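In the working numbering, the protein residues as written are 38 to 852. Here a beta-carbon is modelled for each residue, glycine too, at the ideal position from N, C-alpha and C. Keep in mind the model is a prediction, meaning the values are calculated, not measured. Each remark here refers to the structure printed beneath this line.
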Amino acid sequence: MLPLKYLLLLFIASPVIFCKETTAVSEPLVEGVSPVSDDVSKTNLPADDPRTDLPAYASKTDLPTDNDVLFDITPDASLTREAVDKIESQAERYQFQAEIARMMKLIVNSLYKNKEIFLRELISNAADALDKIRFVSIQQPGQLKSNKDLNIKIKSDPVGKTITITDTGIGMTKDDLIKNLGTIAESGTSSFFEKMMNSSNKEEHSHLIGQFGVGFYSVYLVADKVMVRTKHNNDSQYIWISDSSSFTISEDKDGSPLGRGTEITLYLRNNIKDFTDNHLLFELVSTYSRFIHFDILQYRRVVEMEREKLQKKLAEGNVEEDKNDIVHYKWKKLNNVKPIWLKKVSNVSVEEYQQFFETIYKSGQKALGKIHFHTEGDVSFKSILYIPPDLNENPKEGAIEVTKYFKLYVRRVFITDHFVELLPRYLSFIAGMIDSDDLPLNVSREILQTSKLLRLIKKKIIRKVLEMIAKLGEGDFLEFYKKFSRKLKTGVMEDTPNAMKIAKLLRYSSSNGENMTSLGDYVARMKKGQDKIYFLSGESIDEVKASPLLETVTRKGFEVVYLTDPIDETVLVHLQSFGKINFANLAFDSSVQGLSKLRDVDFKAKEEEFKPLIEYFKKNIVTPEVTNIAISKRLHKSASAYVTHHYGISGHRAKLLRAHEVISKEIVDQHLKEMRLTYEINAGHPVIKELLKLVNEQNPEKEDLINKNAFLISDTAKFASRYIINSPSEFAARIEESVRKNLNVSLDAQSDAEIEDKETVDQEQLDENSDKITEETSDTAEEKIVETEVKEGDKEKSCSGANSDQCTDPLHNEL
38 MLPLKYLLLL FIASPVIFCK ETTAVSEPLV EGVSPVSDDV SKTNLPADDP
88 RTDLPAYASK TDLPTDNDVL FDITPDASLT REAVDKIESQ AERYQFQAEI
138 ARMMKLIVNS LYKNKEIFLR ELISNAADAL DKIRFVSIQQ PGQLKSNKDL
188 NIKIKSDPVG KTITITDTGI GMTKDDLIKN LGTIAESGTS SFFEKMMNSS
238 NKEEHSHLIG QFGVGFYSVY LVADKVMVRT KHNNDSQYIW ISDSSSFTIS
288 EDKDGSPLGR GTEITLYLRN NIKDFTDNHL LFELVSTYSR FIHFDILQYR
338 RVVEMEREKL QKKLAEGNVE EDKNDIVHYK WKKLNNVKPI WLKKVSNVSV
388 EEYQQFFETI YKSGQKALGK IHFHTEGDVS FKSILYIPPD LNENPKEGAI
438 EVTKYFKLYV RRVFITDHFV ELLPRYLSFI AGMIDSDDLP LNVSREILQT
488 SKLLRLIKKK IIRKVLEMIA KLGEGDFLEF YKKFSRKLKT GVMEDTPNAM
538 KIAKLLRYSS SNGENMTSLG DYVARMKKGQ DKIYFLSGES IDEVKASPLL
588 ETVTRKGFEV VYLTDPIDET VLVHLQSFGK INFANLAFDS SVQGLSKLRD
638 VDFKAKEEEF KPLIEYFKKN IVTPEVTNIA ISKRLHKSAS AYVTHHYGIS
688 GHRAKLLRAH EVISKEIVDQ HLKEMRLTYE INAGHPVIKE LLKLVNEQNP
738 EKEDLINKNA FLISDTAKFA SRYIINSPSE FAARIEESVR KNLNVSLDAQ
788 SDAEIEDKET VDQEQLDENS DKITEETSDT AEEKIVETEV KEGDKEKSCS
838 GANSDQCTDP LHNEL
């Protein structure tokens, strides 16, 4: 008695292994073919056959039944390379157009960026052919009698190094082959498209692509020879063969009948290997053609195995088949994902939206927001856009890396995910897709031609994205703003037409309370008599709150926006106004005009009174970038402050410029040197009054006192206003001197370390002097010895002379 067999399709790297009985639901069956019968001989492939490495790429829950259609035919090409060469040698040869040889080189070397694009082009062409026969069959139903199935089939043979793509489309006549495959830009799609557009029945309009007629020639990116077998209802079956230099056409009398349609076989170049891998082909279909509205089927292998043997292998973690296992093949549908954007919004469930988002973003998280819309009019397109839960961009070598979560389709065919012309840079975080039937493609089908339609689509996408953001709930919006606020702020500066729409989405901290506020809410709270939106920037909220530049505004009860993001000030300066309300940067000298209680006549009197002090500051204290010293209308508590003119640079921005990674230090320094600052003094402050009094006294003995305190006040004001102090070491010395005086510490008093260092230096000096004395004493002694030796020598000479009797040297006398 034969053992029971079970079917099981596994998602594994080895071929599919199955036994022959199951109660699970199977995948959809392929019509028009016969199942394997008991009397059909089984194909046993050796273990070292390259086809044993082909993966199945099916889900673990995909369990076929006994009713599934299985085949025992290996995925060989219908003709071997040798057979093709033989047919080619006997067939009628045609020459390509004179320009085609040059065009071929352009296609292979320049026109297409990725070799993998060939599969997209062939599937798109197949879809065109299927669209054509479906369109014709609406008016002539009998056209489908030759084959009712409308699908695209892919099979690859790693042994013969071939890939075969077959469609049941309209096929080509002999004249079509000469005209369409022998001439660049003479695609049948182009002329057919013209006919189709003349049709009065808009429902008959097909999803045709490839108007330029060069997509087919992308096959030469991977193949050195191509065979096309085709059958049109109105002609015989023909074979077209080419190696890109010329082509032959002959009637296909001996080949297996196609019924209707086209079969394209690629004989791959020697250096092309991966494209026979079923997994790679599946990935390419999933990337480029998953939403083609005709079934795309892939030929896959499965292995028959007894149930006990399978269980044992699974327990051992070994799912490789043995040499004696029986191999079958089946057609597996690849494009199971339905294009939900074609549905009405009301007919798409929350689960479907989430599943589609996961196919694009692949994070397992939920989107913060989504919008699904169809537009018609000057340009028609359908789109689903999502706000992802995270920023999908990373800083890379000083630039932002563009991500690939926004996809462009034209008639359900994926075109690109790197297309800044449709989605502005500040919205590059958006995930989703658009699909249009109206967009014109360039000849490589990879890049869209710039057109008015493109600009219209971009305009509508931006508007829809901003609407989506505005409709977020409070919790989702705060989460969004925390991660994407920089993007919106960049948009204010980059997208002038939409700057005000984006500005309505901005949120800032303010003096109104702890919660962030919108600019719209700020305007709604403005007090009577307030005609500006006041703001000030700094590194932190506490720093901004402590600034002397806020004093007059906050005293009047006016709300101040706190800017703590480095980009904030640049954004509001660029924006200039919110509606009809102008922004007022409190770091600018003009920001508080009209807020002072002083009348003009009183103000002029104050200026005249403090003129001596102002002149003293001009002559002795301030640096060249200070072009004006004035009585302040803004200061209430502080003695003085620095501000800039209306188009100048605030202290906070000046610091940011110095820290900029891209702009060179020399350029920044030069720019900052050209700043024009105003030094404001508070005429009502006791310190300023006392300085004026001392200056008016003109007492030479107090000159040093005036100078040091005037410098100290000026530098303190620079520090509080966030400008860079020109001589920080001198500023620190003045601060310390002031502290010593306050604590009654002598200005000459030294720290322990200084005293210790001085003692060490003194000791080293003593040691050095001692060494010099010793050295001098030694030198003197040596000189005396030398002098004595010289004298003794002279004496010896004299004793040996005529006066030897007078020699008194005892040694000489003894000699």
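{"Item": "Using the Cα positions of W378 and G528, report the straight-line distance between them to the nearest angstrom.", "Value": "27 Å"}
{"Item": "Does the segment 364-382 come within contact of the segment 105-123, defined as at least 3 CB pairs closer than 8 Å?", "Value": "yes"}
{"Item": "So the beta strand (DSSP E) K370 belongs to, where does it begin and stop?", "Value": "363-370"}
{"Item": "Starting from the N-terminal side, write out each stretch of the beta strand (DSSP E) that is 3 residues or longer and does not extend beyond the segment 564-630.", "Value": "569-574, 597-600, 618-622"}
{"Item": "For the pair the segment 459-472 and the segment 386-402, tell me if three or more CB-CB distances fall below 8 Å.", "Value": "yes"}
{"Item": "Of the choices T111, D261, I160, whose alpha-carbon is the least far from that of D194?", "Value": "T111"}
{"Item": "Strictly by DSSP, which residues pair up with D474?", "Value": "None, per the DSSP bridge assignment."}
{"Item": "Which residues mark the beginning and the end of the beta strand (DSSP E) in which A667 is found?", "Value": "663-668"}
{"Item": "Contact check, V416 vs Y325 under 8 Å by CB: the rounded distance?", "Value": "Actually they do not touch by this definition, with Cβ atoms about 23 Å apart."}
{"Item": "Excluding sequence positions up to five away, which residues of its chain have a Cβ less than 6 Å from the Cβ of R854?", "Value": "Given a span of 38 to 852 for the chain in the structure shown, any question on residue 854 remains unanswerable."}
{"Item": "Do you know how far the Cα of K381 is from the Cα of F328?", "Value": "17 Å"}
{"Item": "In angstroms, rounded to a whole number, what distance separates the CA positions of I309 and Y131?", "Value": "27 Å"}
{"Item": "Output yes or no for whether 8 Å exceeds the beta carbon distance between A678 and S766.", "Value": "no"}
{"Item": "Let's test the definition: count the other Cβ atoms within 10 Å of the Cβ of V387 and tell me whether it reaches 16, buried, or not, exposed.", "Value": "exposed"}
{"Item": "Is it the case that the Cβ atoms of L623 and A540 are separated by a distance below 8 Å?", "Value": "no"}
{"Item": "Given a threshold of 16 other Cβ atoms within 10 Å of its Cβ, counted over all protein chains shown, does N657 qualify as buried or as exposed?", "Value": "exposed"}
{"Item": "Taking Y684 as part of the alpha helix (DSSP H), name the residues at either end of that continuous run.", "Value": "It is not in any alpha helix (DSSP H) - Y684 carries neither H nor E in the DSSP assignment."}
{"Item": "Give the straight-line distance between the Cα atoms of G566 and F625, rounded to the nearest whole angstrom.", "Value": "20 Å"}
{"Item": "Who are the Cβ neighbours of T660 in its own chain at under 8 Å, not counting the five residues just before and after it?", "Value": "N763"}
{"Item": "Can you list, in chain order, the residues of its chain whose CB lies under 8 Å from that of R777, leaving out five sequence neighbours each side?", "Value": "S783, L784, A786"}
{"Item": "Distance check for H682 and S627, CA to CA, integer angstroms please.", "Value": "7 Å"}
{"Item": "Starting from A874, trace the alpha helix (DSSP H) in both directions and tell me its first and last residue.", "Value": "With the chain covering only 38 through 852, there is no way to say anything about residue 874."}
{"Item": "If distances are taken between C-alpha atoms only, which option among T313, N384, P376 comes closest to I397?", "Value": "P376"}
{"Item": "Using a threshold of 8 Å, state whether the C-beta atoms of V608 and M530 are closer than that.", "Value": "yes"}
{"Item": "Identify, in the order they occur along the chain, each residue of the same chain with its Cβ nearer than 6 Å to the Cβ of T80, setting aside the five sequence neighbours on each side.", "Value": "For T80, the predicted model reports a pLDDT of 36, less than 50, meaning its position is unreliable; a value from the coordinates is still stated below. D109, V364."}
{"Item": "Can you round the beta-carbon distance between N162 and F253 to whole angstroms, since I take them to be within the 8 Å contact cut?", "Value": "6 Å"}
{"Item": "For S547, which residues of its own chain have a beta-carbon under 7 Å away from its beta-carbon, when the five flanking residues on both sides are left out?", "Value": "T554, Y559, E596, V597, V598, Y599"}
{"Item": "Which residue marks the beginning of the alpha helix (DSSP H) containing T25, and which one marks its end?", "Value": "Residue 25 lies beyond the range of the chain shown here (38 to 852); nothing can be said about it."}
{"Item": "For S574 and E703, what's the separation of their Cα atoms in angstroms?", "Value": "25 Å"}
{"Item": "Taking C-beta to C-beta, are R171 and L159 nearer than 8 Å?", "Value": "no"}
{"Item": "Excluding the five sequence neighbours on either side, which residues of its own chain have a C-beta within less than 8 Å of the C-beta of F514, listed in chain order?", "Value": "I506"}
{"Item": "Out of S584, F640, K617, F620, point me to the one whose CA is closest to V680's CA.", "Value": "S584"}
{"Item": "The beta strand (DSSP E) spanning S283 covers which residue range?", "Value": "283-288"}
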